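Numbers in the working numbering are just positions in the sequence shown, counted from 1, shifted up by 396. Notes follow once the structure below has been shown.
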Amino acid sequence: MESIDRFIAVRTQKGLYRSLNPITSRKNGKIIIDSREYTDFSSNDYLGLAGHSYILEKTQTALKDFTAGSSGSRLMGGDWEIHHELEEKTAEFKNKESALIFNSGYQLNVGFFKTLLSKQDAVFSDKLCHASILDGIKLSDAAHFRFKHNDMEHLEALLKKHRGSHKDCCLVTESIFSMDGDRAPLKDSVELKNKYNCRLLLDEAHATGVFGTNGSGMAEELGLTGEIDYLMGTFSKALGGFGAYLAASSRLKDFFINKCTSFIYSTSLPPHVIAGNLAAMDLVKNEPARRMQLLERAEMFRNSLTNKGFMIRGDSQIVPVVLGDVENAGTLSEKLKQKGYWVMPVRPPTVPEGEARLRFSLNYHHTEETLKNLAEEIARASQTE
Ligand SMILES: *Cc1c(COP(=O)(O)O)cnc(C)c1O
């Protein structure tokens, strides 16, 4: 076993020691931490729905009608009608035959691969896939091959070499990558999965609510829903709530209800959380202006930083400014905090060595003026290094 003291000493010495920062309040894009107010660039509440009065009302009504907890796992006394209502609405939203609700995206991904794949099978995953996907693959007995980020030539080379010696095969990627804010080449991924007779799992955690005509994600935006076998996403990011969904065929849903341990052996989400998720889906459908405004402002923010000479990644509401070493990222984040902007430095091992960055997570509450001022502040703070 690794020595705890040694681990902490090494992390501290490298400037990688992490600690928690409790929030007192979060309202309209502002947070209060340690009695100080900041403009919040750390939240995944992209559409500003977490504090929306309609969702809060529906949640409060459900708390009166139901109980605080759900009282059991879905198969053992915790299966409420409202869970089924959310599953039906999600299936319709994602344009799939059915959907299964999980307690979190982490729980879904961690249970997914073990449920579906066995020793003769293989998974091909993008190098930048979320930790929950990696943990899930590790729990399965399938062979695992990682392709370079968004590199379809590398993926095809791996498929050519290894596909033949495995029975079933699953590709996995994300529509928007959480630390780079960029998009997977989904059309090419679909082509390759067809060519090599594989299935495809798409993680839409950061795209759900933000992309697509109805706001259901990138698969919808690109018209690829029918080609993608398994669509997963969360209610915890743009939808401002909690929980996750797997949208696929009814047959697959029944199989998961019977086999997926991270679904079976965990208490189901409380009914009021489900009521909040239902309300959030109404808002996503009825208020497309929220996501359009968010993406327009993100583009404006990216352009102004690029014009100032910064290295920007991505093409979404997640705007990473890559600063190289850990100290640069830490110093800039501190300076911005002093100016009233709350932004998190992202450091290895979350991102590769030498790619420390500030990750600006934009949301509906950020005005054009806020973003303009912030871009100027970033330029000023990094010049005085
Ligand atoms: C956030 C996230 C998850 C996990 O979802 P939770 O509901 O927060 O557990 C899974 N995949 C990706 C890509 C994510 O960004």
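C-beta: ideal position from N, C-alpha, C; glycine also. All values reported here derive from a predicted model rather than from experimental measurement.
Within a 10 Å sphere around the beta-carbon of K423 sit fewer than 16 other beta-carbons, which makes this residue exposed. In this structure the region 684-696 does not touch the region 483-491; the number of beta carbon pairs closer than 8 Å is below three. When the five nearest sequence neighbours on each side are left out, the beta carbons in the same chain lying within less than 8 Å of the beta carbon of S574 are those of H526, A601, H602 and I714, in order along the chain.
At a Cβ-Cβ threshold of 9 Å, L555 and A580 do not count as neighbours. Runs of the beta strand (DSSP E) spanning 3 or more residues and lying entirely within the region 638-676 occur at 640-644, in chain order. Your pair N759 and S439 checks out as a contact, with CB atoms roughly 6 Å apart and the cut at 8 Å.
A distance of 9 Å or more separates the beta carbons of S536 and K563.
It is roughly 16 Å from the alpha-carbon of N546 to the alpha-carbon of V519.
The residue among A553, A675, G629 and R432 with its C-alpha nearest the C-alpha of S449 is A675. A Cβ-Cβ separation of about 6 Å places D522 in contact with F543 under the 8 Å criterion. Membership of T569 in the beta strand (DSSP E) is indicated by the continuous run C565 to E570. Check the Cα spacing between G726 and each of P716, G447, F706 and M740: the tightest is with M740. The region 603-636 contains, as complete alpha helix (DSSP H) runs of 4+ residues, the segments 614-617 (chain order). A752: member of the beta strand (DSSP E) spanning A752 to S757, first to last residue.
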